[in-house]
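The structure appears right after this line, and notes come after that.
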Amino acid sequence: MPILAVAWSLPAAHYQEFGHERKFLNDEWAAIAVLCALSYASGALIIGVSNSGRRRQNTQPEEVILAPRQLSRAFFIIAGIAIIGNMSFVLPILLNPTLIVDWLSGSISGFAVLKDQVFQIPGVTSVSNVAPLAVTLFALKPRLTGRRWTKVEIAVIAFVFVAIMLRSSINSERLAVIEVAVPMGVVLFGSRGAQAKPWMAVAPIFGIAALVGLFLVTEYFRSWTFYRFYYDDYYSFATSRIWGYYTTALNNGAGLAELFPPSLDAQNTMAWFYKFPLFPWVQPTETNFQDFAFLFASSEFNNRSGVFAPIHDFGIVGGFVFWFVFGLVSGAIYEGYKNGQLYALLLHPTWIIGSYEFLRVFYWGHPRYFPTLVLAIMLTFLLSRYRHVRYTPIEVGRAHPLAPVRRNL
279 MPILAVAWSL
289 PAAHYQEFGH
299 ERKFLNDEWA
309 AIAVLCALSY
319 ASGALIIGVS
329 NSGRRRQNTQ
339 PEEVILAPRQ
349 LSRAFFIIAG
359 IAIIGNMSFV
369 LPILLNPTLI
379 VDWLSGSISG
389 FAVLKDQVFQ
399 IPGVTSVSNV
409 APLAVTLFAL
419 KPRLTGRRWT
429 KVEIAVIAFV
439 FVAIMLRSSI
449 NSERLAVIEV
459 AVPMGVVLFG
469 SRGAQAKPWM
479 AVAPIFGIAA
489 LVGLFLVTEY
499 FRSWTFYRFY
509 YDDYYSFATS
519 RIWGYYTTAL
529 NNGAGLAELF
539 PPSLDAQNTM
549 AWFYKFPLFP
559 WVQPTETNFQ
569 DFAFLFASSE
579 FNNRSGVFAP
589 IHDFGIVGGF
599 VFWFVFGLVS
609 GAIYEGYKNG
619 QLYALLLHPT
629 WIIGSYEFLR
639 VFYWGHPRYF
649 PTLVLAIMLT
659 FLLSRYRHVR
669 YTPIEVGRAH
679 PLAPVRRNL
């Protein structure tokens, strides 16, 4: 809400600085965005309230104990796919050290050349986005199996993070870092049974500071080499850009909703269906954003705001209904996570990223989340077959509770 309030209060000159012809985020569209957020929150709240009585009756969460070998096998397979996919992005760059030196030295064309050299194979690079699920499985192992991580598992997850950092730096994908950092933090510090620390009360502040720090570092290599001639110093440039990504996304979303009718084909809320390589014959019916960016905005700031995505697809009323139903789904996943249900334990750590980013993008419908979503659902069914059965231990001097009772006749 604070970001939305700032974007609404900024003058038109702020948007013109980023190539926008006019400000679309007026009182009406800001109010609609707030109502969309409230619809989403209302759906989640209803699920939480309806489950509060059940939690009071049963304070113990469901205990899910999986076979360590099966969970480790799933982790190694998914982590291997993530490493191969992410390294395929940057392999051509790593084979050309001169290009990296030019980029680090501040060459204006260095970043553009790097982007051109990035190696992308449809399908291979798409499934590289399963790294968040690999991190989730790694973080959940002590909770799901009662075993600590092996040295090999720690080495593999470290390799996953290295591959992600390389991809994020070279291909300018800050979201890739967020996608692996958030699940790790949610599971390790936000789960039932996690040991409370005093610093965890201010953990969100540290998270925001880390996000700003990540932006400052990556944006320097991404665009400062070009924009340094237009700003007095890097700090003013970076602070302007970090606000610009969110405010222009909201302005783009409001402009598209104002100028174009609803598409009615879910091309914004189910973008994976149109862009995932499994469905190359499917094409969206409109190219609204290209026309919009040419006339009113900038192709560089091309986020369309997730909060307006359902309105682009289904109209204002349909958007409210969509957000309410989606709030019910998100609330159910969150409640399942708190109760220790396997499907929610696998889904929630990555699903919550959509809530954090919905002012900028509709993450849940993005092609990069589709592989994680599908694999998490598949793993729920596969791993459920390998649960351990826990028996009541026999205590010395007492009869086992399942032993037959002898009656005196």
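Residue numbering for the sequence shown follows my numbering, starting at 279 and increasing by one per position. Backbone N, C-alpha and C fix where the C-beta goes; we use that ideal spot for every residue, glycine too.
Membership of residue 354 in the alpha helix (DSSP H) is indicated by the continuous run 346 to 372. For the pair residue 282 and residue 308, the CB atoms are nearer than the 8 Å cut-off.
Following the DSSP letters along the chain, one finds residue 632 inside the alpha helix (DSSP H) bounded by residues 620 to 635.
DSSP, read as helix, strand or coil, puts residue 279 in coil. Here DSSP, grouped into helix, strand and coil, assigns residue 298 to coil.
Here the alpha carbons of residue 280 and residue 292 stand approximately 17 Å from one another.
The Cβ neighbour count for residue 429, taken over all protein chains shown within 10 Å, is under 16; the residue is labelled exposed.
The Cβ atoms of residue 575 and residue 632 lie no closer than 8 Å to each other. Pairing residue 410 with residue 458 gives a Cβ-Cβ distance under 8 Å. In the three-state scheme derived from DSSP, where H, G and I count as helix and E and B as strand, residue 601 is classed as helix. By the C-beta density criterion, residue 545 is buried, having at least 16 other C-beta atoms within 10 angstroms.
Under the DSSP assignment, residue 517 falls in the alpha helix (DSSP H) whose first and last residues are 512 to 537. Distance from the CA of residue 647 to the CA of residue 425, rounded to the nearest whole angstrom, comes to 29 Å. Taking the Cα of residue 463 as reference, the smallest distance to any Cα among 552, 486, 510, 327 is reached at 486. Under the 8 Å Cβ criterion, the segment 502 to 516 does not count as touching the segment 592 to 609, having fewer than three qualifying pairs.
Residue 641 has its alpha-carbon roughly 7 Å from the corresponding atom of residue 635. For residue 428, the three-state secondary structure derived from DSSP is coil. Following the DSSP letters along the chain, one finds residue 343 in no alpha helix (DSSP H), marked with neither H nor E. Contact annotation: residue 496 and residue 450 have beta-carbon atoms nearer than 8 Å. Nearest C-alpha to residue 538 among 591, 415, 461: 591. For residue 585, there is no enclosing alpha helix (DSSP H), as DSSP gives it neither H nor E.
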